[in-house]
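Q: Supplied in structure tokens, the structure appears directly below.
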Amino acid sequence: MSIKSDRWIHDMARSHGMIEPFVPGQVRDRDGGRVISFGTSSYGYDIRCADEFKIFTNINSAIVDPKNFDDSSFVDLRADVCIIPPNSFALARTVEYFRIPRNVLTVCLGKSTYARCGIIVNVTPLEPEWEGHVTLEFSNTTPLPAKVYANEGVAQVLFFESDEECETSYRDRAGKYMRQQGVTLPKA
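The number in our numbering is simply the position in the sequence shown, starting from 1, with 603 added.
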């Protein structure tokens, strides 16, 4: 298994629609202002979050249960900036839609710009032949409100290509998050 370079990512995005929309280089400035970088990096792809957020709130004193998740524990927000309450979290989705090849595994890691502010992005794999928008989780580990910017870089995806195809892909086993659109809550 080998980690893939910017050239491989570019080729796969163009020829196989692996990432849509695809940005072939790093974007650091837009409309005359600085942004948190996104696009192709040396050995990965810096993804953006869309302007759709679900902010966790415990106004109903709910118990967080991944087998029986109460969606009333979230407040929906569509905005360019999401303010996450102290010691809470928010969900978002990527701008980019992914189509992962059968012989590739990806790992999504948070960007250090956010980590240095106490905002952690959950580490998650994108399995072989998974397809969809990635649902991201941002944890605000600080005692202060924290900002997440829509349409700017929030995490990096690393691509690992195997010498052989997997025996059973995410598509083969009809994974429950296949082709997800929007911010997708836990499914039991």
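Every residue gets a Cβ at the ideal spot worked out from N, C-alpha and C, and that includes glycine.
Under 8 Å by Cβ, that's how I've got asparagine 743 and proline 688 pegged, so tell me the actual separation to the nearest angstrom.
A: Sure, about 7 Å apart at Cβ, within 8 Å.
Q: Give the secondary structure of proline 634 by DSSP, where H, G and I count as helix, E and B as strand, and everything else as coil.
A: Reading off the sequence shown, one finds aspartate at residue 634, where the question assumed proline. In this structure, aspartate 634 counts as coil in the three-state DSSP scheme.
Q: Tell me which residue opens and which closes the beta strand (DSSP E) that serine 742 is part of.
A: Run containing serine 742: 734-743, per the beta strand (DSSP E) assignment.
Q: Return the CA-CA distance between valine 638 and tyrosine 773, expressed in angstroms with no decimal places.
A: Distance between the alpha carbons of valine 638 and tyrosine 773: 34 Å.
Q: Just to confirm, is the Cβ distance from tyrosine 700 to glutamate 734 under 9 Å?
A: Result yes, Cβ atoms of tyrosine 700 and glutamate 734 sit closer than 9 Å.
Q: Within a Cβ cutoff of 7 Å, which residues of the same chain sit near arginine 633, ignoring the five residues on either side of it in sequence?
A: Around arginine 633: no qualifying Cβ.
Q: If you follow the beta strand (DSSP E) that aspartate 649 is part of, which residue opens it and which one closes it?
A: Its beta strand (DSSP E) spans residues 647-659.
Q: Quick one, which of Met621, Pro728 and Thr745 has its alpha-carbon nearest alanine 758's?
A: Ranking the options by Cα distance to alanine 758, first place goes to Pro728.
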